[in-house]
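Reviewing the structure listed below.
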Amino acid sequence: KQEVTQIPAALSVPEGENLVLNCSFTDSAIYNLQWFRQDPGKGLTSLLLIQSSQREQTSGRLNASLDKSSGRSTLYIAASQPGDSATYLCAVRPNNYGQNFVFGPGTRLSVLP
Amino acid sequence: DGGITQSPKYLFRKEGQNVTLSCEQNLNHDAMYWYRQDPGQGLRLIYYSQIVNDFQKGDIAEGYSVSREKKESFPLTVTSAQKNPTAFYLCASSITRAGYTFGSGTRLTVV
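Those protein sequence lines, which keep their order, are chains A and B. The numbering used here numbers the first residue of the first sequence as 25 and each following residue consecutively. The numbering used here numbers the first residue of the second sequence as 769 and each following residue consecutively.
Here it is, written out as structure tokens:
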């Protein structure tokens, strides 16, 4: 059974720092991986979707990488801003057709001004 | 603009009462999902539907029911059999095997 973990559980950094959030999954047979952002009391906003054949995806200050063989993905946030404060979740979709995304518990990020 | 609309934003349920949460999408997505989120916990899958008139139980389906009569709509009913329904409920949709798009959620509280 696929399991997804995220380290660290919480992170607090000063504004302007570059930071890395980690996501690990136990079964490398995945179809794709998606990173989300969730603000308190809100729904999830999709940040990046990486297909299993891709190594990375970029959107603005965000870069997500995927190493399927080692079961890891990282989300890199450049020049962090207070507005980046939120919980970041990763989710993996197993390769078996009909399987749904499995979510990690999230990393709660606070960027201090 | 295309998206997913969940309503209401807040819902209060009395003991022994059934309540229905609405989820509507205009993205022309085939698949729709319901998740439950509790404080400090990850998302848990309640029900999902890959096509109209078909749906499957997720990991925590007990005490919940759904219908999928239209492609655009996937309502969730929280029945009186659900003993601990207070939670944040999230609806999502996707094209087959693509990424998820989420709604803004419904917070259900038992009073």
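Virtual Cβ for every residue (Gly too), placed ideally from N, Cα, C. None of the values given here were measured: they were computed from a predicted structure.
Contacts that residue 865 of chain B makes with chain A (C-beta to C-beta distance below 8 Å): Position 97 of the second sequence, counting from 1, holds the residue named residue 865 of chain B. Those are 55, 56, 117, 121, listed as they occur along chain A.
Within 8 Å, strictly: CB atoms of residue 858 of chain B and residue 133 of chain A: Translated into positions along the second sequence, residue 858 of chain B becomes position 90. Translated into positions along the first sequence, residue 133 of chain A becomes position 109. Taking a C-beta distance under 8 Å as the contact criterion, residue 858 of chain B and residue 133 of chain A do not qualify as a contact pair.
Cα-Cα separation, residue 811 of chain B to residue 59 of chain A: Here the question's residue 811 of chain B lines up with position 43 in the second sequence. Here the question's residue 59 of chain A lines up with position 35 in the first sequence. In this structure, the straight-line span from the alpha carbon of residue 811 of chain B to that of residue 59 of chain A is close to 14 Å.
According to DSSP, residues forming a beta bridge with residue 780 of chain B: Translated into the one-based positions of the second sequence, residue 780 of chain B becomes position 12. Its beta-bridge partners are B/877.
One or two residues paired with residue 135 of chain A in a DSSP bridge: As a first step, residue 135 of chain A is located in the first sequence; it is residue number 111 there, counting from the start. Beta-bridge pairing links residue 135 of chain A to A/37.
Residue 869 of chain B at chain A interface by Cβ criterion, 8 Å: In the second sequence, the residue the question calls residue 869 of chain B occupies position 101. At least one C-beta of chain A is nearer than 8 Å to the C-beta of residue 869 of chain B.
Neighbour-count burial assignment, residue 799 of chain B, 16 or more Cβ in a 10 Å radius: Locating residue 799 of chain B in the second sequence gives position 31, where the first residue counts as 1. Buried is the call here.
Counted within 10 angstroms of its Cβ, other Cβ atoms place residue 79 of chain A as buried (16 or more) or exposed: If you number the first sequence from 1, residue 79 of chain A lands on position 55. It counts as exposed.
Touching by the beta-carbon criterion (3+ pairs, under 8 Å), the region 82-99 of chain A and the region 33-40 of chain A: Touching, no.
Under 8 Å between C-beta atoms of residue 131 of chain A and residue 45 of chain A: As a position in the first sequence, residue 131 of chain A is number 107, starting the count at 1. As a position in the first sequence, residue 45 of chain A is number 21, starting the count at 1. Closer than 8 Å, so yes.
Sequence-distant residues of its chain with Cβ nearer than 7 Å to residue 50 of chain A (five each side left out): One-based indexing of the first sequence puts residue 50 of chain A at position 26. Closer than 7 Å at Cβ, skipping near neighbours: 26, 27, 95.
Residues that DSSP places opposite residue 864 of chain B in a beta bridge: The count along the second sequence starts at 1 and reaches residue 864 of chain B at position 96. Residue 864 of chain B pairs with nothing; no bridge assigned.
Cross-chain neighbours of residue 92 of chain A in chain B, by beta carbon under 9 Å: The count along the first sequence starts at 1 and reaches residue 92 of chain A at position 68. Chain B residues near residue 92 of chain A: none, gap ~16 Å exceeds 9 Å.
8 Å Cβ shell around residue 140 of chain A - same chain, five flanking residues per side excluded: Examination of residue 140 of chain A is not possible in this model, given that chain A is present from 25 through 137 alone.
Continuous beta strand (DSSP E) stretch holding residue 825 of chain B: start and end: By 1-based counting over the second sequence, the position of residue 825 of chain B is 57. Unbroken beta strand (DSSP E) run through residue 825 of chain B: 822-825.
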